[in-house]
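A short write-up of the structure that comes next.
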Amino acid sequence: MHLRAAVALLFLPVAVLYAQNASVNAPIPAAPVPTISAQSTLVLVPTLVKTKKGDLVFTLTANDFTITDNNVDQKVHLEEDTGDQPLALVVAIETGGGGASQFDKYRNLATMIESIVGQVPRRVSVVTFDSEPEILQGFTSNMALMEDALQNLPAGDSGAAILDAVDYSVDLLRKQPPQYRRAILLISETVDHGSKVRIEDALRAVSDTNTAIYSLAFSSSRSGISHEASKLSDPTPGPEHGCFSHDPKTDPTVRDDGSEGKPEESKGTQYYDCIAELLPPLRLAKMAAIVGMNGLHKNAPETVAKLTGGEYFHFNSQRDLERGLATISNHVPNRYVLSFQPQMPQSGLHAITVTLKDHPDLIVTARSSYWAGDSAETKPQSLEPVQK
């Protein structure tokens, strides 16, 4: 495995590539927007492997991994990383709801983002959202303009339309040149308030493009959580001793010194951990969609990160926020870039699992799904101008 030291690989596209006979010299404006297509030939799955203590594992080969696509085993390849490709990044920040109370934690955000994207050609846009998303800074290669936008965030209304903001950001990225890697850095609370996009459309939006989403979230208010959770309440218990028969362990753990640590699991984590245990192969893709939609209700930023192969971090302080960004910078350059050619590339949501054959004590993190769409759904988009 070839590991690059540069953090530019952070936003490697977790996507399906086009057929290899595409001309590298094709004019950019005429090219269709890259989506995950049923005619595509290669699926990339960046994968992180750690020990239970959190140490990164570097010595595995393609033969150590198993990948399934809708429960069908795939032939796994190990790709060289491509961290020198140009990058288009949307920084989406909640300024409504509880977002304004977090502004003091963002003092060093611009500096950290600049160090993360590295020295590759880049285009960065800043989107803010409350009840509605809007562009605060259009795509620019001038990091001073990005920094100025982040230092002058406007306080919004009481809304926190996270899914609308993600959908809006994905659409902005569709208009970038196809050779650019695409990513969203989402900073928000955990529970969506007021999005207008349908939940199934939000699921597709984050699953059918080559966009990785990296989320950092602060806790929503208890009243907001209760309101949104009531929409999905289900008093029917799961089977005795089954995966859903207990509530997730969301209470903080207690360290030896009496201080509080992170919860053992979240509701979103429980959904994803249970799905492979419960579902027969023929229902896997359909139920993956249901699980994804439930997760978007419960913890939107965590779920979009999981779906796209990004990472999710919760923060209570500026130190937590910066630690999350630093961890992302350290992890992603050291990911294995796995790939496979789907045996049956049918249209719709595909559930991916990545496991290790002979290393049960190691922890694997990878994207959980992708959306394969008909080629007719790929339509050209106008390219956005870039501020220098």
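With UniProt numbering as the guide, the letters of the sequence shown map in order to residues 1 to 388.
Yeah, the Cβ is synthetic: ideal placement off N, Cα and C, and Gly gets one too.
Return helix, strand or coil for residue i, following the three-state DSSP convention.
| i | result |
| --- | --- |
| P46 | strand |
| R367 | coil |
| Y336 | strand |
| D73 | strand |
| F103 | helix |
| A62 | helix |
| H193 | strand |
| G156 | coil |
| T111 | helix |
| H359 | coil |
| E134 | strand |
| E200 | helix |
| Q343 | coil |
Is the distance from the Cβ of residue i to the Cβ of residue j below 8 Å?
| i | j | result |
| --- | --- | --- |
| T128 | L153 | yes |
| D164 | E132 | yes |
| I67 | V57 | no |
| A161 | D192 | yes |
| S339 | V45 | yes |
| I187 | I328 | no |
| T322 | M112 | It is Glu, not Thr, that sits at residue 322 in the sequence shown. Yes, Cβ-Cβ distance for E322 and M112 is below 8 Å. |
| V166 | S125 | no |
| L42 | Y336 | no |
| L48 | R181 | no |
| P345 | A372 | yes |
| I184 | S207 | no |
| E147 | A110 | yes |
| Q387 | T51 | no |
| G95 | G138 | This sequence places Thr at residue 95; Gly is not what is there. In this structure, G138 does not lie closer than 8 Å to T95 by Cβ. |
| G98 | G159 | no |
| I213 | A300 | no |
| Q343 | Q74 | yes |
Tell me where the alpha helix (DSSP H) around residue i begins and ends.
| i | result |
| --- | --- |
| G324 | 318-331 |
| Y312 | Element bounds for Y312: not the alpha helix (DSSP H) but the beta strand (DSSP E), 312-314. |
| R174 | 162-174 |
| E147 | 143-150 |
At the level of alpha carbons, what is the spacing between residue i and residue j?
| i | j | result |
| --- | --- | --- |
| I352 | R367 | 7 Å |
| I275 | E80 | Caution is warranted here: a pLDDT of 48 is assigned to I275, below 50, making its placement in the model unreliable, and no coordinate value can be reported. |
| E228 | S347 | Legend: pLDDT at E228 = 45, less than 50; position of this residue unreliable, value from coordinates given subsequently. Distance between the alpha carbons of E228 and S347: 31 Å. |
| N315 | I199 | A small correction: the amino acid at residue 315 is Phe; Asn does not occupy that position in the sequence shown. Between F315 and I199, the C-alpha separation is close to 25 Å. |
| H297 | G194 | 11 Å |
| L279 | K53 | Its pLDDT being 48, under 50, L279 is placed unreliably in this model, and the coordinates cannot settle the point. |
| S220 | N63 | 43 Å |
| L136 | G295 | 28 Å |
| D201 | L349 | 12 Å |
| V254 | A217 | Per-residue confidence for V254 stands at a pLDDT of 46, beneath the threshold of 50, marking its modelled position as unreliable; the derived number appears in the next sentence. So the two alpha carbons sit approximately 22 Å from each other. |
| S215 | V120 | 22 Å |
| T365 | V354 | 8 Å |
| I363 | K357 | 12 Å |
| D104 | P360 | 42 Å |
| E134 | L172 | 11 Å |
| S115 | Q151 | 17 Å |
| R204 | N334 | 28 Å |
| N330 | Q318 | 18 Å |
| N70 | P178 | 28 Å |
Which residue comes first and which comes last in the beta strand (DSSP E) that contains residue i?
| i | result |
| --- | --- |
| D301 | This sequence places Pro at residue 301; Asp is not what is there. Not the beta strand (DSSP E): P301 falls in the alpha helix (DSSP H), residues 300-308. |
| S215 | 211-218 |
| V120 | Note, V120: premise wrong, no beta strand (DSSP E); not H, not E. |
| V57 | Taken as a continuous stretch (DSSP letters only), V57 belongs to no beta strand (DSSP E), as it is neither H nor E. |
| N94 | The sequence as given places Glu at residue 94; Asn does not occur at that position. Looking at the DSSP string, the run of the beta strand (DSSP E) that includes E94 is 87-94. |
Per DSSP, which one or two residues make a beta bridge with residue i?
| i | result |
| --- | --- |
| H350 | Y370 |
| L296 | None; L296 has no bridge partner. |
| F129 | E94, P133 |
| E79 | V337 |
| A183 | L89, A212 |
| S188 | A217 |
| residue 395 | This structure gives no information on residue 395, because the portion of the chain shown stretches from 1 to 388. |
| T68 | D73, T353 |
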